[in-house]
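Q: Handing you a structure now.
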Amino acid sequence: MVTSFPRQYARTQRFTLGAPRAFTVAPDGSRVVFLRSREGTDRANLLWVRDPSGQREYVAADPARLLGGAAEELSAEERARRERSRESSAGIVGYATDMTVESAAFALSGRLFVTDLRTGDCRELDTPSPVVDPRPSPDGTRVAYVSGGALRVVRTDGSGDRAIASPENDRITYGLAEFVAAEEMDRSRGFWWAPDGERLLVTRADDSPVQRWWIADPANPEREPSEVPYPAAGTPNADVTLHLTDADGGERLQVEWDRGRFPYLARVHWSPGGPPLLLVQSRDQRTQLHLRVDPDTGSTSTLHTEQDPDWLELFAGVPAWTPDGRHVRIEDSSGARVLRVGEHDFTDASLHVRAVLDVGADGVLFSASAGAGRGAGGSVAGTGGEEREAQVGDIGVHFARFADDGSCGGIERLAEADTDGDGDGDAILRAPHIASAVRGGDTLVLSTASLTHAGSRVAVLRMGGQGRALPLKPLDVVPSHAEAPALTAAPRLLRTGERRIPAGLLLPTGHRDGDGPLPVLMDPYGGPHGQRVVAAHNAWLTSQWFADQGFAVVVADGRGTPGHSPAWEKAVSRNIADVTLDDQIEALRSLAADHPLDLTRVGIRGWSYGGYLAALAALRRPDVFHAAVVGAPVTDWRLYDTHYTERYCGMPQEDPEVYARSSVVTDEGLSGAAAQHRPLMLIHGLADDNVAAAHTLRLSSALLAAGRPHEMLPLSGVTHMTSQEQIAENLLLLQVAFLKRTLGVAQP
Numbered sequence: 012m013v014t015s016f017p018r019q020y021a022r023t024q025r026f027t028l029g030a031p032r033a034f035t036v037a038p039d040g041s042r043v044v045f046l047r048s049r050e051g052t053d054r055a056n057l058l059w060v061r062d063p064s065g066q067r068e069y070v071a072a073d074p075a076r077l078l079g080g081a082a083e084e085l086s087a088e089e090r091a092r093r094e095r096s097r098e099s100s101a102g103i104v105g106y107a108t109d110m111t112v113e114s115a116a117f118a119l120s121g122r123l124f125v126t127d128l129r130t131g132d133c134r135e136l137d138t139p140s141p142v143v144d145p146r147p148s149p150d151g152t153r154v155a156y157v158s159g160g161a162l163r164v165v166r167t168d169g170s171g172d173r174a175i176a177s178p179e180n181d182r183i184t185y186g187l188a189e190f191v192a193a194e195e196m197d198r199s200r201g202f203w204w205a206p207d208g209e210r211l212l213v214t215r216a217d218d219s220p221v222q223r224w225w226i227a228d229p230a231n232p233e234r235e236p237s238e239v240p241y242p243a244a245g246t247p248n249a250d251v252t253l254h255l256t257d258a259d260g261g262e263r264l265q266v267e268w269d270r271g272r273f274p275y276l277a278r279v280h281w282s283p284g285g286p287p288l289l290l291v292q293s294r295d296q297r298t299q300l301h302l303r304v305d306p307d308t309g310s311t312s313t314l315h316t317e318q319d320p321d322w323l324e325l326f327a328g329v330p331a332w333t334p335d336g337r338h339v340r341i342e343d344s345s346g347a348r349v350l351r352v353g354e355h356d357f358t359d360a361s362l363h364v365r366a367v368l369d370v371g372a373d374g375v376l377f378s379a380s381a382g383a384g385r386g387a388g389g390s391v392a393g394t395g396g397e398e399r400e401a402q403v404g405d406i407g408v409h410f411a412r413f414a415d416d417g418s419c420g421g422i423e424r425l426a427e428a429d430t431d432g433d434g435d436g437d438a439i440l441r442a443p444h445i446a447s448a449v450r451g452g453d454t455l456v457l458s459t460a461s462l463t464h465a466g467s468r469v470a471v472l473r474m475g476g477q478g479r480a481l482p483l484k485p486l487d488v489v490p491s492h493a494e495a496p497a498l499t500a501a502p503r504l505l506r507t508g509e510r511r512i513p514a515g516l517l518l519p520t521g522h523r524d525g526d527g528p529l530p531v532l533m534d535p536y537g538g539p540h541g542q543r544v545v546a547a548h549n550a551w552l553t554s555q556w557f558a559d560q561g562f563a564v565v566v567a568d569g570r571g572t573p574g575h576s577p578a579w580e581k582a583v584s585r586n587i588a589d590v591t592l593d594d595q596i597e598a599l600r601s602l603a604a605d606h607p608l609d610l611t612r613v614g615i616r617g618w619s620y621g622g623y624l625a626a627l628a629a630l631r632r633p634d635v636f637h638a639a640v641v642g643a644p645v646t647d648w649r650l651y652d653t654h655y656t657e658r659y660c661g662m663p664q665e666d667p668e669v670y671a672r673s674s675v676v677t678d679e680g681l682s683g684a685a686a687q688h689r690p691l692m693l694i695h696g697l698a699d700d701n702v703a704a705a706h707t708l709r710l711s712s713a714l715l716a717a718g719r720p721h722e723m724l725p726l727s728g729v730t731h732m733t734s735q736e737q738i739a740e741n742l743l744l745l746q747v748a749f750l751k752r753t754l755g756v757a758q759p
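According to the numbering used here, the stretch in the sequence shown is residues 12 to 759, in order.
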């Protein structure tokens, strides 16, 4: 029996199940630790250990054995953590190791487990439950974890369990990331061990000032609504402080900085390279400080100040110290996003730095895409139909070497290496691709995805010596158990229009030039932090399936999306609606000049920001768009969270016109379109605590008040992720049926 793509897509959780992930490499290069389920439809991850040569692989923790076959139980805190990180798998979904990567700790069904990574011996520690976010001390003798809002420490032999920071009331937690930190700042944790394992830095989050929302399940009226502290734009955030505390529960010392001016604690770094290092932001995110903490007094001093007239982005892996005490950061400078170590710029405008992956004594491992203006690989459709080569979707891994004098010693692109040992210099990695890496000592785990193969390929490599990354010697390939997709995506990557907007065009499999124009489906995310035009096969599978239903599918990354340049991202400042919608239209019309697009039948679909963009398209530009599937949209930015919304729109009290112009439920958002009604399908999970269902319900009410019929699909018990198998499958089928019906596409 052949499984349909929608069923396979849902059962495999977008083909992620069975794929190895979450790698850690021992600092001596002797062990590679990772998560992977046993097969492509198995949700339960196991913890695995593999030697770099691949001669031995063994299970360090098996959730089925540890739970004795019992079903996994999740606490409310763990469910919230998984929702914030968009984690939909099961079993062991996260782990932390000691400094030597000899032991690991993880939570499973609210219980604390530690495992010896050298032997695979795993045991449970008797602690209060539920356990959240356990992390071993650097020397592996203790484990810190959160339970009941308290930060606790227990020895790995099971003795000495104690609370070292306990909440004063039920609205205070120690050691957990508050909502906006986890949802928007990419800070998922709330405590950090000192390098010597004798103290910890721990956050105290008091959400008493935060307004309360109530999320109910109308399908089960006997259940009480869930109380959710939600900091909507312009309203108070949680009060977050940081404390130094002894690991044995002794003295606690508050870290002091000007929290009135800089309320956001965005990053914390504590390594042997220097004292604790903080990154704190002003509420408008236009100023941030890199602070050095005195661990004896809790006082701070400013190491570096950054300012930007629009906003300052946050990046993974920075700020940090090099082992010899130099300050590592990523900054926007002279129109480029650069890597800086101490006072030296390691990169220039030829690279757009994305994240720091590792900092060692011999250099910095980082990821970057081609900077604006560089070009290689892909096509560009000019306004006159002229095509030329251009860089699209290439995110590579680079190694910045230190010179003997402590300055920049050069940049090496790891994708130029022969990673599979066949002597061809790795043609796959010379083409546009996405890559990430983890290293320990001279062992590197390189994960790559490209358009030439499904999923990601994980190679274990030996780095070059004498402070160099190259050449790389192939040691092993970590097997993936992910299923092969039932279809093959064939996007044509382009840059289009006067702005050279990155775009992907997908036509039905087997489509020929003489088959005539096709109805169009725009399939964007289109907003901040959501790059969709990438050189990775699996990223295009859903769009290809829609194309195979008889559409020309266009995916466009207009201004505001990441990966291009700081100016490209910040073009949406205070004008998020008009800019993103204009670029979708420009991409559509430009591509139609050279490709078989029927502009009399244009649909658009999207989820989250993409849903917002779809609603904007149908309501404001019915002359261009003829039907829209609007999934989990933000429709009124006053109802979305502080850190995200205020970055782009300012404060609603100070910039009310920005919020009015960006809303799709105000009179301005609905005006002028009544004579050209376009069909809309609205979809929203009623349990969504990120984009509350109120967004869609208010849009539906506004449409009804304006006399505009529409279809409404409420999803009972579904959050923002829609990870339930049957729902994920049927959502695809219902969307394509709606689009075919409303755009006049022949049904099979």
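Heads up, the beta-carbon is just placed ideally off N, CA and C, and yes, glycines get one too.
What are the boundary residues of the alpha helix (DSSP H) that includes Trp551?
A: Segment: none, Trp551 is in no alpha helix (DSSP H) and carries neither H nor E.
Q: Is it true that the CB of Asp62 sits closer than 9 Å to the CB of Val36?
A: no
Q: Would Leu744 be called buried (16 or more neighbouring beta carbons within 10 Å of its own) or exposed?
A: Classification of Leu744: exposed, given that the 10 Å Cβ count is below 16.
Q: Can you give me the C-alpha to C-alpha distance between Tyr536 and Phe557, rounded to a whole angstrom?
A: The straight-line gap from Cα to Cα measures roughly 16 Å.
Q: Note down the Cα distance separating Asn701 from Ala193, rounded to an integer number of angstroms.
A: 11 Å
Q: Just the C-alpha distance for Asn56 and Arg22, rounded to the nearest angstrom, thanks.
A: 15 Å
Q: For the beta strand (DSSP E) containing Pro490, name the first residue and the last one.
A: Membership of Pro490 in any beta strand (DSSP E) is not indicated, and neither H nor E is assigned to it by DSSP.
Q: For Ile615 and Leu624, I'd like the C-alpha separation in whole angstroms.
A: 9 Å
Q: For Arg543, count the other beta carbons within 10 Å of its own beta carbon; 16 or more makes it buried, fewer makes it exposed. Which is it?
A: So Arg543 ends up on the buried side.
Q: Which of the three DSSP states is assigned to Tyr241 in this structure?
A: coil
Q: So for His575, helix, strand or coil by DSSP?
A: coil
Q: Can you tell me whether Asn248 is buried or exposed, with buried defined as 16 or more other CB within 10 angstroms of its CB?
A: buried
Q: In this structure, how does DSSP classify Trp268 when only helix, strand and coil are distinguished?
A: coil
Q: Flag this pair as yes or no: are the beta carbons of Ala448 and Val408 separated by less than 9 Å?
A: yes
Q: Enumerate, from N- to C-terminal direction, the unbroken beta strand (DSSP E) stretches of 3 or more residues contained entirely within the segment 615-667.
A: 638-642
Q: Taking Val471 as part of the beta strand (DSSP E), name the residues at either end of that continuous run.
A: 464-473
Q: In whole angstroms, what separates the C-alpha of Pro286 from that of Leu697?
A: 45 Å
Q: Would Leu750 and Gly642 be called neighbours here (beta carbons separated by less than 9 Å)?
A: no
Q: By DSSP, does Ser380 sit in helix, in strand, or in coil?
A: DSSP places Ser380 within a strand segment (E or B) once states are collapsed to three.
Q: If we count Cβ pairs, one from each stretch, closer than 8 Å, do we get three or more for the segment 22-31 versus the segment 463-478?
A: yes
Q: For the segment 92-102 and the segment 725-738, state whether three or more C-beta atom pairs, one from each stretch, are separated by less than 8 Å.
A: yes
Q: So for His606, helix, strand or coil by DSSP?
A: Correct three-state label for His606: coil.
Q: Leaving aside the five residues before and after Ser114 along the sequence, list all residues of the same chain whose C-beta is less than 8 Å from its C-beta, in chain order.
A: Thr108, Val125, Thr126, Asp127, Leu128, Pro147, Gly151, Thr167
Q: May I ask you to report which of helix, strand or coil DSSP gives Gly105?
A: coil
Q: Thr394: buried (16+ other C-beta within 10 angstroms of its C-beta) or exposed?
A: Interpretation of Thr394 is limited by its pLDDT of 32, a score under 50 that renders its predicted location unreliable; no figure is taken from the coordinates.
Q: At which residues does the beta strand (DSSP E) containing Gln292 begin and terminate?
A: 288-292 is the span of the beta strand (DSSP E), which, as asked, contains Gln292.
Q: Does the Cβ-Cβ distance between Arg153 and Val165 come in under 9 Å?
A: yes
Q: Can you name the start and end residues of the alpha helix (DSSP H) that Val747 belongs to?
A: 736-754
Q: What are the boundary residues of the alpha helix (DSSP H) that Val191 is part of?
A: Segment 190-195, the alpha helix (DSSP H) holding Val191.
Q: Between Ala205 and the rest of its own chain, which residues show a CB-CB distance below 7 Å, the 5 nearest in sequence each way excluded?
A: Closer than 7 Å at the Cβ level, and outside the excluded window around Ala205, lie Leu211, Trp281.
Q: Using a Cβ-Cβ cutoff of less than 6 Å, which residues in the same chain neighbour Glu397 once the five nearest sequence positions on both sides are dropped?
A: Because Glu397 sits at a pLDDT of 35, beneath the cut-off of 50, its placement in the model cannot be relied upon, and the point is left open.
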